[in-house]
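Each number in my numbering corresponds to the 1-based position in the sequence shown with 1 added. First comes the structure, then the notes that go with it.
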Amino acid sequence: MRSGRDAGVMAVRPPHGVQSEIRGLSSELDDENYEFLRRLIYSESRIHLGSDKRALVASRLAKRLRELRIGSFDAYCELLRSNEGVEERRHLVDRISTNHTQFFREMKHFDFIRDRVIPSWQTRKGSATGVLRVWSAACSSGEEPYSLAIFLAEHLAPSARAAWQIEASDISTRILEKASTGIYPADRVNGMRHDWLQRHFQKGVGEWSGSFRVKDSLRDRVRFHHLNLLEPNYPFQQPFQLILCRNVMIYFDRATQESLVSYLSRWLEPGGFLMVGHSESLSGIHHGLNLVQPAIYQKPAP
Ligand SMILES: C[S@@+](CC[C@H](N)C(=O)[O-])C[C@H]1O[C@@H](n2cnc3c(N)ncnc32)[C@H](O)[C@@H]1O
């Protein structure tokens, strides 16, 4: 893993001793167990962890071990190796991946949707499915797909209001459960335009005071899927005019990034757009897309 901002690896303390801070956890994450975990995480998710990420792995897993009342990394790795460990492998990836996100992250992408994606879809709509289809491919706790939903609701002409759909997916079941509730603490929505907040969220009262919930009219537009982007048997029927795959490629090595871009490209309509995170770049990767502006690519139209 590169030490990118979104991979959440910068907060890691130096790996001296890599002694877990969790009381009762008796042993360190030694070379052998770290190597086993590193390989397992790669084979399950293609997340590539360098040798410098041992402290990160130890600290993220320590809490999981405590939940399971497992007292050592030896015992935890034993569980992962066993038949009973199949389900636990999913939790393992959940704990290692970083889910940092926010509403309207990288606003320039939303400006581009208003100025280029919507007009281009409206021009070509006659020949296409008639539905503007958008995929938030690593959606984390839902802020990205709900931002898209708010933005489309605000910017599409009334006549097009019925004709858009957002698919959202992530590898983490834990984070998807959170996303599908559409409930966020007030500090997550604080920076949003007041009129959008009023139109698209319900303010919690009583025990929900201090929270906001995305209104059903928007939640109905977003369908959540559990999927691993590196297993390209994606469950969709139709291609997309826009795919956002932002702040996830940073986890992957070059070869994996190249495969992923090729899988995603197949799901783009000709003329459709792919957005990656601003700190991610497809330079050095073979792909058949045209660079439109930094972090935005377009599939050539025939
Ligand atoms: C840092 S968040 C990015 C969220 C959002 N796209 C954004 O830019 O704000 C990265 C997300 O990618 C997900 N992820 C990591 N590996 C994945 C994989 N192989 N397939 C699908 N999702 C993955 C993580 O679970 C996490 O929720």
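The beta-carbon is built from N, C-alpha and C at its ideal position, and this holds for glycine as well. Here the structure is a predicted model, which is why all the values come from computation and not from measurement.
Look at Ala-169 and His-226 and say whether their C-beta atoms are less than 9 angstroms apart.
By 1-based counting over the sequence shown, the position of residue 169 is 168. By 1-based counting over the sequence shown, the position of residue 226 is 225. Yes. Within cutoff.
According to DSSP, Cys-246 sits in a beta bridge with which residue or residues?
Position 245 of the sequence shown, counted from the first residue, corresponds to residue 246. Answer is Val-277, bridged to Cys-246.
Are Ile-167 and Ala-150 touching if we call contact CB-CB under 9 angstroms?
Walking along the sequence shown from the start, residue 167 turns up at place 166. Walking along the sequence shown from the start, residue 150 turns up at place 149. In contact: Ile-167 and Ala-150 (Cβ atoms closer than 9 angstroms).
Whose C-alpha, out of Asp-217, Ala-302, Ser-263 and Arg-90, is nearest the C-alpha of His-287?
Locating residue 287 in the sequence shown gives position 286, where the first residue counts as 1. The candidate whose alpha carbon is nearest that of His-287 is Ser-263.
Within the present structure, is the beta-carbon of Tyr-298 separated from the nearest heavy atom of ligand 2 by less than 8 angstroms?
This structure lacks ligand 2; its bound ligands are ligand 1.
Under DSSP, the alpha helix (DSSP H) around Lys-54 begins and ends at which residues?
Here residue 54 is taken as the residue at index 53 of the sequence shown, counted from 1. Per DSSP, Lys-54 belongs to no alpha helix (DSSP H) and is neither H nor E.
Kindly indicate if chain B contains any beta-carbon less than 9 angstroms away from that of Arg-65.
The chain labelled as chain B is not found in the depicted structure, where only one protein chain is given.
Use the C-beta contact count for Gln-20: other C-beta atoms within 10 angstroms, 16 or more gives buried, fewer gives exposed.
Stepping through the sequence shown from its first residue, residue 20 is reached at position 19. With a pLDDT of only 44 at Gln-20, under 50, the local geometry of the prediction cannot be trusted, and the value read off the model is given with reservation. Exposed, by the Cβ-count rule.
Looking only at its chain, what residues have a beta carbon closer than 6 angstroms to the beta carbon of Pro-146, apart from the 5 residues adjacent to it on each side?
Along the sequence shown, read from residue 1 onward, the residue named residue 146 stands at position 145. Within the same chain, Pro-146 has close Cβ partners Ser-137, Cys-140, Ile-167, Ala-169 and Val-223.
In whole angstroms, what is the alpha-carbon distance linking Tyr-185 and Arg-55?
Along the sequence shown, one-based indexing puts residue 185 at 184. Along the sequence shown, one-based indexing puts residue 55 at 54. Cα to Cα, Tyr-185 sits roughly 32 angstroms from Arg-55.
So for Leu-290, helix, strand or coil by DSSP?
Locating residue 290 in the sequence shown gives position 289, counting from the first residue. If DSSP states are grouped into helix, strand and coil, Leu-290 belongs with coil.
Kindly list the residues whose CB is nearer than 8 angstroms to the CB of Gly-273, restricted to its own chain and excluding five residues on each side of it in sequence; keep chain order.
Position 272 of the sequence shown holds residue 273. So the list reads Pro-240, Phe-241, Gln-242, Leu-243, Ile-244, Gln-299 and Lys-300, once near-sequence residues are dropped.
Measure the beta-carbon distance from His-201 to Ala-154 and round it to whole angstroms, keeping in mind my assumption that it falls under 8 angstroms.
In the sequence shown, residue 201 corresponds to position 200, counting from 1. In the sequence shown, residue 154 corresponds to position 153, counting from 1. Right, their Cβ atoms sit about 7 angstroms apart.
How far does the alpha helix (DSSP H) with Ile-151 in it reach, from first residue to last?
Your numbering for residue 151 matches position 150 in the sequence shown. Here the alpha helix (DSSP H) through Ile-151 covers 144-156.
For Leu-50, collect the residues of the same chain with a Cβ closer than 7 angstroms to its Cβ; drop the 5 residues on either side in sequence, then sort them by chain order.
One-based indexing of the sequence shown puts residue 50 at position 49. The residues are Met-2, Arg-39, Ile-42 and Val-58.
Rounded to the nearest angstrom, what separates Gly-25 and Gln-258 at their Cα positions?
What you label residue 25 is simply residue 24 of the sequence shown in a count that begins at 1. What you label residue 258 is simply residue 257 of the sequence shown in a count that begins at 1. Below a pLDDT of 50, predicted positions are generally treated as unreliable, and Gly-25, at 47, falls in that range; the measurement from the model is reported next regardless. For Gly-25 and Gln-258, the distance between alpha carbons rounds to 39 angstroms.
Under the rule that 16 or more other beta-carbon atoms within 10 Å means buried, what is Val-87, buried or exposed?
Counting from 1 along the sequence shown, the entry for residue 87 is found at position 86. The residue in question, Val-87, is exposed, as its Cβ has fewer than 16 Cβ neighbours within 10 Å.
Are Val-293 and Arg-117 closer than 9 angstroms when you measure CB to CB?
Residue numbering aside, residue 293 sits at position 292 when the sequence shown is read from its first letter. Residue numbering aside, residue 117 sits at position 116 when the sequence shown is read from its first letter. Cβ distance < 9 angstroms, so Val-293 and Arg-117 count as in contact.
Going by DSSP, what residue range makes up the beta strand (DSSP E) through Arg-134?
Residue numbering aside, residue 134 sits at position 133 when the sequence shown is read from its first letter. Counting along the chain, the beta strand (DSSP E) containing Arg-134 begins and ends at 133-137.
Have a look at Arg-175 and Ile-97 and give me their C-alpha separation to the nearest angstrom.
What you label residue 175 is simply residue 174 of the sequence shown in a count that begins at 1. What you label residue 97 is simply residue 96 of the sequence shown in a count that begins at 1. So the two alpha carbons sit approximately 12 angstroms from each other.
So what does DSSP say about Lys-109, is it helix, strand or coil?
In the sequence shown, counting from the first residue as 1, residue 109 sits at position 108. Here Lys-109 sits in helix by DSSP.
Please find out if some non-hydrogen atom of ligand 1 comes closer than 8 angstroms to the beta-carbon of Leu-93.
Position 92 of the sequence shown, counted from the first residue, corresponds to residue 93. Flag unset: Cβ of Leu-93 not near ligand 1.
Is Thr-124 near ligand 1, in the sense that its beta carbon is under 8 angstroms from a heavy atom of that ligand?
Taking the sequence shown and counting its residues from 1, the one referred to as residue 124 is at position 123. Thr-124 Cβ: outside cutoff for every heavy atom of ligand 1.
Taking only three categories from DSSP, how would you classify Asp-217?
Here residue 217 refers to the residue found at position 216 of the sequence shown. Looking at Asp-217 - three-state DSSP - the assignment turns out to be helix.
Compute the Euclidean distance between the alpha carbons of Tyr-252 and Ile-48, then round it to the nearest angstrom.
By 1-based counting over the sequence shown, the position of residue 252 is 251. By 1-based counting over the sequence shown, the position of residue 48 is 47. Their Cα atoms are separated by approximately 5 angstroms.
Please state if the CB of Arg-214 and the CB of Phe-207 are separated by a distance shorter than 9 angstroms.
Sequence index remark: in the sequence shown, residue 207 carries index 206 (1-based). Sequence index remark: in the sequence shown, residue 214 carries index 213 (1-based). Strictly speaking, residue 207 in this sequence is Gly, with Phe absent from that position. The answer is no: Cβ separation not under 9 angstroms.
Quick one, are the C-beta atoms of Glu-144 and Arg-194 less than 9 angstroms apart?
Numbered from its first residue, the sequence shown carries residue 144 at position 143. Numbered from its first residue, the sequence shown carries residue 194 at position 193. Cβ atoms of Glu-144 and Arg-194: not closer than 9 angstroms.
So does Ile-119 have its beta carbon nearer than 8 angstroms to some heavy atom of ligand 1?
Reading the sequence shown from its first residue, position 118 is the one you call residue 119. No - ligand 1 has no heavy atom lying nearer than 8 angstroms to the Cβ of Ile-119.
Taking buried to mean at least 16 other C-beta atoms within 10 Å of its own C-beta, is Thr-124 buried or exposed?
In the sequence shown, counting from the first residue as 1, residue 124 sits at position 123. Thr-124 comes out exposed.
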